[in-house]
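End of the first sequence sits at 566 in the working numbering; the numbers just go up one at a time, nothing left out. Backbone N, C-alpha and C define an ideal beta-carbon position, used for all residues, glycine too. Below is one structure, written out as structure tokens; comments come after it.
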Amino acid sequence: MSDNLEPVNFIRQAINADLADKKHDKIVTRFPPEPNGYLHIGHAKSIWLNFGIADDYEGECTLRFDDTNPIKEDEEFVTAIEEDVRWLGFKWSRIAHASDYFPKLHEFAIELIHKGLAYVDSLDMETMREYRGTLKEPGKNSPYRDRSVEENMDLFSRMKAGEFADGKHVLRAKIDMQSSNINLRDPVIYRIRHHAHQRTGDAWCIYPMYDFTHGLSDAIEGVTHSLCTLEFEDHRALYDWFLSHVSAPCHPRQIEFSRLNLNYSVMSKRMLTQLVNNGHVDGWDDPRMPTISGLRRRGFTASAVRNFIGSVGITKKANVIEMSMLENAVREDLDSISPRAMGVLKPLKLVIENFPEGESEPIEVANHPNDPSMGTRNILLTREIYIDHDDFMEDPPKKFFRLGPDREVRLRYGFVVHCHKVIKNDAGEVIELRCTYDPNTRHGQQPEGRKVKGIIHWVSAEHCVDASVRLYDRLFQEANPLADKTKAFTESLNPHSLQVLTNCKLELSLGSPSVDTRYQFERLGYFYPDIDSSSSHPIYNRIVTLRDSWAKIDKQRKS
RNA sequence: UGGGGUGUAGCCAAGUGGCCUAAGGCACCGGAUUUUGAUUCCGGCAUUCGGAGGUUCGAAUCCUCCCACCCCAGCCA
8 MSDNLEPVNF IRQAINADLA DKKHDKIVTR FPPEPNGYLH IGHAKSIWLN FGIADDYEGE
68 CTLRFDDTNP IKEDEEFVTA IEEDVRWLGF KWSRIAHASD YFPKLHEFAI ELIHKGLAYV
128 DSLDMETMRE YRGTLKEPGK NSPYRDRSVE ENMDLFSRMK AGEFADGKHV LRAKIDMQSS
188 NINLRDPVIY RIRHHAHQRT GDAWCIYPMY DFTHGLSDAI EGVTHSLCTL EFEDHRALYD
248 WFLSHVSAPC HPRQIEFSRL NLNYSVMSKR MLTQLVNNGH VDGWDDPRMP TISGLRRRGF
308 TASAVRNFIG SVGITKKANV IEMSMLENAV REDLDSISPR AMGVLKPLKL VIENFPEGES
368 EPIEVANHPN DPSMGTRNIL LTREIYIDHD DFMEDPPKKF FRLGPDREVR LRYGFVVHCH
428 KVIKNDAGEV IELRCTYDPN TRHGQQPEGR KVKGIIHWVS AEHCVDASVR LYDRLFQEAN
488 PLADKTKAFT ESLNPHSLQV LTNCKLELSL GSPSVDTRYQ FERLGYFYPD IDSSSSHPIY
548 NRIVTLRDSW AKIDKQRKS
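This is how it looks when you write it as structure tokens:
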């Protein structure tokens, strides 16, 4: 489901070339998350790529959990990941776990030992690091490097049998301690971990490392193209080494692409975990999080996320995408599918003095200005209404064409009202407006020579529901929260990223929202009911604001 | 001279030696329509492709040198 007609990216070009060379008759990919956290929008890029390719080439894509480190992983994450992939609209050909392959992987390890290409090392971690050398200096061989096949087999089987404590021995590939590629300096392929695994329980106390597991799992699954991010570029030599030194059923091709980064955000699982665990946000699905579950709860649609990914493209260039790209994708998707409604976020009472008390005027309004098929609904106009505080200014600047003392404005779908009195409380705050309406402006009538530019939304004070609305802003106040290496990234968290409004007045139709419907609150933005809503008190999340040229003018005016 | 990568507008990104005096999107700046300052619509926005040389009738695309930035020294993935 890659609904964008993007130019053929370099990965698809490589696949096309392989197909032209008759290397494969079917394309197989995989999405290989480690279940140690929730998926974020960066993962969506990989998902979109891998599943999109499988779909378009009529191939297969496996959802495979790279679960080789039982200390960090958890079943909770497995469930969440499955749900997120499904929500994004992708279907896996099958679901697998690297742990399914533990027996086979163990056989491959033994094969390497027998070939003299792997050995049990007994250096402690610290010493092993010293022996590894540095980026510029070669490493040196471990004194255990030349153990006999028999000795290695004996030790390895005793490692597996649980005879040794964690860290006592490791199994290493025997490659080249002098290599300029550090990954080839006899990488560890098995380590001892006396820790129950979420799937295999206590069956194993030795666990294979990523580099060994990943490529061989790909081969076991018949993957043709193993797509991963740039930081694994250096690992490709090792990926290929394992595949060519073991009797693997096939040799997948690893191709790397750049990760997705968003400004005013962080995209590292480690940091997102920290935000959750330290209570900076309200969980993995906090609507401010760049996680799939956060975006979902916020009200983003899966198609908006997919379109966004499609619009940023796949390359090898390091990139930071502007948040406005994502917002654009959401607005584009939501504009056509969202029914319109009126909601007042910061209520200011407005009394229309020449409107008869106790009466109400029903007005039939369209649910969508450009799509008659979305139908109409009735709203009621009454003597007392609420308007938004932001639509009134006591001393308005020239370009502000909303309400002010002795000014007039049109009530959306209704008539023009003129404000002739402003009532304040003891603190000097405006608490009520007294207005009169002009009967000649009913139903959109515009008397000759009269131009009323301002139109504001409103809600009948009598016919409305109380609600809460959560307004979200960017999570970080710095475009790059990691730029200043002298401070923790959490120091650039935006203190105003969440604003909760508890006294909102919404039109009746918003009191019982339709399932899975995003609404446009006219003139304000797109909103989505939060799961914390109750039937008596709805709670809406603001997904994104509408484009707001007044906000732009106002900002320039103030600066 | 450790290795591996990347450099096209503020942000993404097409372009794969001649139709490129360089697509498209976002952002930005106009202007039209509009009972959402929304949507939609029109127009503007790189004589230039990190820099300098070179090859060629012709270079963003090929060669050489240089510069900048990113990744790698977990028994993490």
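Paired residues, beta bridge with residue i - DSSP
| i | result |
| --- | --- |
| L478 | Q506 |
| P354 | D395 |
| N548 | R477, Y535 |
| T389 | S367 |
| Y444 | V424 |
| H113 | Its beta-bridge partners do not exist; DSSP assigns none. |
| L553 | None; L553 has no bridge partner. |
| I462 | R417 |
| S233 | Q261 |
| F163 | BP columns for F163 are empty, so no partner. |
| T298 | H47 |
| R569 | Outside the modelled stretch of the chain, which goes from 8 to 566, sits residue 569, for which no answer is possible. |
| V372 | R384 |
| F362 | Its beta-bridge partners do not exist; DSSP assigns none. |
| S467 | I392 |
| F307 | None, per the DSSP bridge assignment. |
CA-to-CA distance, residue j to residue i, given in whole angstroms
| i | j | result |
| --- | --- | --- |
| A311 | R549 | 16 Å |
| N23 | G169 | 48 Å |
| V466 | E514 | 6 Å |
| P40 | N374 | 42 Å |
| R477 | I463 | 21 Å |
| N361 | T389 | 11 Å |
| P14 | E157 | 55 Å |
| M400 | C426 | 11 Å |
| D378 | G350 | 21 Å |
| N285 | S265 | 29 Å |
| D28 | F483 | 48 Å |
| N487 | V337 | 22 Å |
| P354 | L440 | 11 Å |
| H204 | F115 | 21 Å |
| F17 | Y151 | 44 Å |
| F315 | D473 | 34 Å |
| S519 | P545 | 8 Å |
| R530 | R449 | 21 Å |
| P259 | C511 | 57 Å |
| F38 | T231 | 13 Å |
| G306 | C235 | 29 Å |
| I438 | L56 | 54 Å |
| S53 | L46 | 11 Å |
Helix, strand or coil at residue i according to DSSP, with G and I counted as helix
| i | result |
| --- | --- |
| A180 | strand |
| R417 | strand |
| E439 | strand |
| D523 | coil |
| S540 | coil |
| F496 | helix |
| D128 | strand |
| H517 | In the sequence under discussion, the amino acid at residue 517 is Leu, which differs from the His named in the question. Helix at L517. |
| R101 | strand |
| W291 | coil |
| A434 | coil |
| A172 | coil |
| F407 | coil |
| R384 | strand |
| Q563 | helix |
| S106 | helix |
| K79 | coil |
| L267 | coil |
| E401 | coil |
Cβ-Cβ separation, residue j to residue i (assumed contact under 8 Å), whole Å
| i | j | result |
| --- | --- | --- |
| D218 | N190 | 7 Å |
| K323 | E263 | 7 Å |
| L2 | G532 | Nothing about residue 2 can be read from this structure; the chain reaches only from 8 to 566. |
| R295 | Y479 | 5 Å |
| F496 | L489 | 6 Å |
| L223 | A255 | 6 Å |
| P215 | I227 | Actually they do not touch by this definition, with Cβ atoms about 12 Å apart. |
| R192 | V177 | No, R192 and V177 are not in contact; Cβ-Cβ is about 14 Å, not under 8 Å. |
| I359 | C471 | The pair is not a contact, with the Cβ atoms about 16 Å apart (cut-off 8 Å). |
| V459 | V423 | 5 Å |
Item to check | Ranges of the beta strand (DSSP E) found wholly within the segment 190-231, counting only runs of at least 3 | outcome: 195-199, 213-215
Item to check | beta strand (DSSP E) segments (min. 3 residues) lying fully within the segment 310-359 | outcome: 354-359
Item to check | Uninterrupted alpha helix (DSSP H) stretches inside the segment 16-58 (no shorter than 4 residues) | outcome: 17-27
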